[in-house]
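Just below is one structure, and these are the notes that go with it.
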Amino acid sequence: MHFFKKKSPSQPLSLQELKKNLKINFEPENARPLAHYKTFYMEHHPKGLSKISKRFMIKDGYVSDFLGTGEPGIVVHGSSEGHLVILDTNLGRDQKGSFFTPREFYRYLIRRYSLDLSKDKRPLHLVACYSGEAEKGSGKLSVAQELANATQRKIWAYGGHYPVATHYSGVAGLLNNTDYVFAGGFPPKRLTPKLIEPHPPVHMNKDNSVTHC
Numbered sequence: 519m520h521f522f523k524k525k526s527p528s529q530p531l532s533l534q535e536l537k538k539n540l541k542i543n544f545e546p547e548n549a550r551p552l553a554h555y556k557t558f559y560m561e562h563h564p565k566g567l568s569k570i571s572k573r574f575m576i577k578d579g580y581v582s583d584f585l586g587t588g589e590p591g592i593v594v595h596g597s598s599e600g601h602l603v604i605l606d607t608n609l610g611r612d613q614k615g616s617f618f619t620p621r622e623f624y625r626y627l628i629r630r631y632s633l634d635l636s637k638d639k640r641p642l643h644l645v646a647c648y649s650g651e652a653e654k655g656s657g658k659l660s661v662a663q664e665l666a667n668a669t670q671r672k673i674w675a676y677g678g679h680y681p682v683a684t685h686y687s688g689v690a691g692l693l694n695n696t697d698y699v700f701a702g703g704f705p706p707k708r709l710t711p712k713l714i715e716p717h718p719p720v721h722m723n724k725d726n727s728v729t730h731c
């Protein structure tokens, strides 16, 4: 049985004829536009890592739609000294990591993942320990503020100068809108982010004077 009406090989079926023969609705009513999502992990661990360890460690990465906001987000380790950290070994005393200042982290993402955070001007959600505020009395900027300045984009910062975390599902849960961000302690306290505005970029003139743009 033929599914298409016979036609000379030199006369291909038109789109309208294909629609008629296949009986497929190519333009359904109330069809939602096709959405594309991007996510990747940034941690690297040995093949022998147990399932339990993977559950608690392989969380960090980038997601293009953070908790259904339509805005991107990054989950990454943070240190109390103001670094963003990517772990690359197993749990335990031999645990190592790559430490980056916010500006170095921005450049690392370009080099390693071809992800330029300065190209997308939507606010970026940053989930990292100690990133929401600088240590009191340090005179420093927060990690979130430094990343906002480096990328010249707004940053949603979670928490203050203390540990924060997501539920065990990590990046996948953030994409699927099944996770949340909380501060340590019991019971866990769900955090509401605060929006960090970037400072104007600073340029050094030939006479060593500073121009704020």
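Going by the numbering used here, the residue at position 117 of the sequence shown is 635; the numbering climbs one at a time, nothing skipped.
For glycine and all other residues, C-beta sits at the position ideal for the given N, C-alpha and C.
The model shown is predicted, which means the values in this text are computed figures rather than measured ones.
Proximity test, residue i beta-carbon vs the ligand NAP heavy atom, cut-off 7 Å
i: aspartate 634; result: Among the components of this structure there are no ligands whatsoever, and the ligand NAP is therefore not found.
Distance, residue j Cα to residue i Cα
i: phenylalanine 618; j: valine 699; result: 22 Å
i: arginine 671; j: serine 598; result: 23 Å
i: serine 656; j: arginine 630; result: 32 Å
i: leucine 734; j: proline 705; result: With the chain running from 519 to 731 in the structure shown, residue 734 is simply not present.
i: serine 616; j: glycine 650; result: 20 Å
i: lysine 639; j: proline 711; result: 18 Å
i: lysine 707; j: glycine 678; result: 13 Å
i: glutamate 589; j: isoleucine 673; result: 10 Å
i: aspartate 583; j: isoleucine 714; result: 19 Å
i: leucine 633; j: serine 532; result: 41 Å
i: glycine 579; j: glutamate 622; result: 16 Å
i: proline 530; j: lysine 637; result: 44 Å
Check whether residue i and residue j have beta carbons under 8 Å apart
i: valine 581; j: glycine 596; result: no
i: leucine 644; j: alanine 675; result: yes
i: leucine 602; j: valine 594; result: yes
i: glycine 600; j: lysine 658; result: yes
8 Å Cβ shell around residue i - same chain, five flanking residues per side excluded
i: phenylalanine 717; result: Position check: residue 717 holds histidine in this sequence, whereas phenylalanine was assumed. So the qualifying residues of the chain are Gln663, Ala666, Asn667.
i: glycine 702; result: Tyr680, Pro681, Val682, Ala683
i: threonine 587; result: His643
Reduced DSSP secondary structure (H/G/I, E/B, other) of residue i
i: alanine 652; result: coil
i: leucine 585; result: helix
i: alanine 701; result: strand
i: threonine 684; result: strand
i: proline 530; result: coil
i: alanine 646; result: coil
i: leucine 659; result: coil
i: leucine 633; result: coil
7 Å Cβ shell around residue i - same chain, five flanking residues per side excluded
i: tyrosine 624; result: Leu635, Leu665, Ala668, Thr669
i: proline 620; result: Leu602, Val661, Glu664, Leu665, Ala668
i: alanine 652; result: Lys658, Leu659, Ser660, His679
i: leucine 709; result: Tyr676, Gly677, Val682, Val699, Phe700, Ala701
Minimum Cβ-Cβ distance from residue i to chain C less than 8 Å
i: phenylalanine 617; result: In the structure shown, chain C does not exist; there is a single protein chain.
Proximal residues to residue i (C-beta, below 6 Å), its chain only, five neighbours per side dropped
i: cysteine 647; result: Gly596, Pro681, Val682
i: proline 641; result: Glu589, Lys672, Trp674
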